[in-house]
Amino acid sequence: MPRLVLLVAVALALACGGAGAAKLDPATVNEAQFTAEEPKGFSPVLLKAEILLDRARFSPGLIEGRASENFARAVRAFQTANGLPSDGKLTRETWDRLMATSASPALVTYELTRKDVRGPFTRHIPARMERMARLPRLGYHNATERLAERFHISEQLLRRLNPGIGFRKAGTKLLVPDVGRGDPPAAIAGVEVDKGARQVRVLDPSGKWLAASIGSAEKPAPNGEAEVKRVVRNPTYHYDPDFAFKGVKARRPFTIAAGPNNPVGSVWIDLSIESYGIHGTPEPGKIGATFSHGCIRLTNWDAEDLAAMVRKSTKVSFKDEMANAGDTSQ
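Written out as structure tokens, the structure is:
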């Protein structure tokens, strides 16, 4: 059975609040123990599992501490990597193997820096792409969004972890997930895009899986082979009217400025097939749930992690029935 280290970038769209919600503090999460009873709603057990999956590059995308199909995909990938029955359920054996990947606490304390709170921010970003093109930069809306993305969690969960904190003052101490993944694999042989499974797998020279991500797609991507042409960090977005995206009425090309809330997020991995790429997103909560205008879409943090692994001419293989085409960045 191949060994995997996966970045499963998926969508979790449920909120974290609600009456009767589980108590949330460092001890409750860090000392959480496996239970055979399937959690209903928010669960410290699932939150701990998500953080450890993310840390091991089996990322559940947006961490929210709730069961979902995307969480099941991440668990299923971890199980496959470890030779366990891959049913996507958090079994006792899966839990024990996951706990063995790291002894560090799931939740840790972080102190806000001046950089965290000072911006620059882009307070209002229009929904229509044509109007986005008028902005000089598509930055984070505020410090809360920047911090939530940094720690791979929803803004709702960030607030719940830190009730009464405004995220505006340097020196303030926060409770956040420890999602430090360590260095990426030193050498990879290629990338495999499994469109049916919504996974982007990174292969080592022996063919074993080193990493994988789940994304979203709009127009069919091809089967066959491609390769990485370049990695563009902080990309701009170029729209061609020939794409004819729904809701875009422009008849002339236009360019949207760079920034993490750019339509292709914080990084673009350009492929040898024209107008195809692997990229980030301004809406991590929609990964795996809605379509993309840019081929294979991952959360910004998973796209950046993948970008650190690939090089020019890295082989990319497309398989099965998913992915999309549509935009270019440079």
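First residue of the sequence shown: 3, per the numbering used here; consecutive thereafter. The beta carbon of each residue, even a glycine, is placed where N, CA and C say it ideally should be. Small disclaimer: the values here were computed from a predicted structure and weren't measured.
Look at the Cβ atom of residue i, then the Cβ atom of residue j, and state whether they are nearer than 8 angstroms.
i, j, result
"S88", "D180", "no"
"R75", "F36", "no"
"A252", "E132", "yes"
"F80", "L100", "yes"
"L308", "V202", "yes"
"V193", "K317", "yes"
"L273", "A310", "no"
Residue i: buried (16+ other C-beta within 10 angstroms of its C-beta) or exposed?
i, result
"N72", "buried"
"R78", "buried"
"P262", "buried"
"E52", "buried"
"R200", "buried"
"G296", "Reliability fails at G296, whose pLDDT of 49 lies under 50, so the model's placement of it is uncertain and no value is given."
"H126", "exposed"
"K171", "exposed"
"D185", "exposed"
Residues in its own chain within less than 6 angstroms of residue i by CB, not counting five upstream and five downstream?
i, result
"T146", "E157 and F169"
"V110", "D180"
"D322", "D196, K197 and G198"
Enumerate in chain order the residues of its own chain whose CB-to-CB distance from residue i is below 8 angstroms, with the five nearest sequence positions on each side excluded.
i, result
"L48", "P41, G67, R68, A69, F73 and L92"
"S104", "L54, R57 and A58"
"R139", "P122, T124, A259, A260 and G261"
Please work out which residues of its chain come closer than 7 angstroms, Cβ to Cβ, to residue i, disregarding the five sequence neighbours upstream and downstream, and give them in chain order.
i, result
"P207", "A189 and A191"
"F256", "E132, A135 and Y241"
"K314", "V230, K231 and R232"
"P243", "A252, R253, R254 and P255"
"G333", "No statement about residue 333 is possible, as the shown extent of the chain runs from 3 to 332 and does not include it."
"G173", "E113 and L114"
Kindly identify the DSSP beta-bridge partner or partners of residue i.
i, result
"T226", "First, the residue type needs correcting, since residue 226 is Gly and not Thr in the sequence shown. F320, per the DSSP bridge assignment."
"L273", "V230"
"I258", "Y239"
"I127", "The partner list for I127 (beta bridge, DSSP) is empty, contrary to what the question assumes."
"I65", "I155"
- Residue ranges of each alpha helix (DSSP H) within the region 145-209, 4 or longer: 145-152 and 157-163
- What are the start and end residues of each continuous beta strand (DSSP E) run of 3 or more residues lying completely inside the region 76-125, in chain order? As far as the region 76-125 is concerned, its whole beta strand (DSSP E) runs of at least 3 residues are 109-113.
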